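Chemist: The structure that follows is given in the form of structure tokens.
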Amino acid sequence: MQVKLNSSAEEVVVRKTVARPTGKIKGVSGRERKIFTNTTKEVLRWRIDESPSGPEFGQMASDKWWELESWAWEQRRKIQEAYERNLEEGLVGGNPVVVSDKTQKLYGDHPHYDRTAKVGEFSGVIAGARQRLIKHTVEPSENSDVNEIAEVRSTEEIAEGLRLAGLDLINAMAQRKEETRITAFSKEELLELYKAERLIFYILTRGVGVKQREYEQETRSEVEASYRELTKDGTGRILRLKKKIGDILNSKKR
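Dropping the structure here:
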């Protein structure tokens, strides 16, 4: 019986080898003998973050299903630890790599590659992990009067700060030259950005009482024109083209 992870490391797959009769031949004595061919069939599959179930699993001996479940949980533990290690190194996203006949060639030089892992097991590598956005922390001044002045900004200054944040976001994307505009940010990063944007949105709509539909109709054409201008030339082009970001930035302006 063989147990492996599927290619995405999301499922555990159990297969076993069975002998199937494929024909008959006559032996020296004249008696017919059956010919058998060994084939491998899948007998069980379950998500790695769940416990196995089903009639096939129930028919297994207790020591065998315990062995399978323990193996699966060990693989899950190693994958979780790899993601946690990446977070400590400032990396997010990516997908776990399962050992295959090509893994050694592709990831053998990776610092986290596990040379003891067997085919079908987690290799120790999270492929496609990206550098997370750097958080900038502003230290408060010892002078409380200076802090109070710095914290009070006009609505024009706040609006300009939000526009500059949009440019910062584009510049952050531009650093990830091997990605596209769709893959530049991980799901975790996008969620953080979305939550920050929603907070401003809720302050304006729920707090201040801005009517979304009314303001949307009044500003749509102006904002869309600004977005078109932003993405027309320069770094902003990465928001409308589907190529790798590095290829876009290295190409001539259109």
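When we follow the numbering used here, the leftmost residue of the sequence shown carries the number 944, and every step to the right adds one. Idealized CB from N, CA, C, for every residue including glycine. Computed from a predicted structure; not experimentally measured.
Determine, using beta carbons only, whether N949 and V957 come nearer to each other than 9 Å.
Modeler: no
Chemist: How about R1075 and G1037: do their beta carbons lie closer than 9 Å?
Modeler: No, the Cβ-Cβ distance between R1075 and G1037 is not below 9 Å.
Chemist: Is there contact here, the stretch 1058 to 1071 with the stretch 1095 to 1104, by at least three beta-carbon pairs under 8 Å?
Modeler: no
Chemist: Taking only three categories from DSSP, how would you classify S1043?
Modeler: coil
Chemist: How long is the line joining the alpha carbons of K1196 and E1031, rounded to whole angstroms?
Modeler: Legend: pLDDT at K1196 = 49, less than 50; position of this residue unreliable, no value from coordinates given.
Chemist: Where N1090 and L1107 are concerned, what is the direct C-alpha to C-alpha distance, given to the nearest angstrom?
Modeler: Since pLDDT at N1090 reaches only 49, below the 50 mark, its modelled position is unreliable, and the value read off the structure follows with that caveat. Their Cα atoms are separated by approximately 22 Å.
Chemist: Taking the alpha-carbon positions, what's the E953 to G966 distance?
Modeler: 39 Å
Chemist: Considering only the alpha carbon of each residue, which of I1022, S994, A1025 lies closest to E1010?
Modeler: S994
Chemist: Identify which residue in G1071, K1007, V1151 has its Cα closest to the Cα of V1035.
Modeler: G1071
Chemist: Quick check: what's the CA-CA separation for L1173 versus G1063?
Modeler: One C-alpha to the other measures close to 47 Å.
Chemist: According to DSSP, is I1069 part of a helix, a strand, or is it coil?
Modeler: Assigned with DSSP and collapsed to three states, I1069 falls in strand.
Chemist: Along the chain, where does the alpha helix (DSSP H) that runs through N1193 open and close?
Modeler: From DSSP, the alpha helix (DSSP H) with N1193 extends over 1188 to 1193.
Chemist: Here's a check: name, in chain order, each residue in its chain whose Cβ is nearer than 7 Å to the Cβ of R1119, leaving out the five neighbours to either side.
Modeler: R1073, A1127, I1188
Chemist: Going by DSSP, what residue range makes up the alpha helix (DSSP H) through I978?
Modeler: No alpha helix (DSSP H) contains I978, which is instead part of the beta strand (DSSP E) from 975 to 990.
Chemist: Alpha carbon to alpha carbon, how far is I968 from I978? Give it in angstroms, no decimals.
Modeler: So the alpha carbons of these two residues sit roughly 7 Å apart.
Chemist: In this structure, does DSSP put I1125 in helix, strand or coil?
Modeler: coil
Chemist: In the DSSP assignment, find the alpha helix (DSSP H) that holds E1165 and state where it starts and stops.
Modeler: 1155 to 1175
Chemist: Using three-state DSSP, classify L1034 as helix, strand or coil.
Modeler: strand
Chemist: Using beta-carbon positions only, say whether I1069 and N1029 come within less than 9 Å of one another.
Modeler: yes
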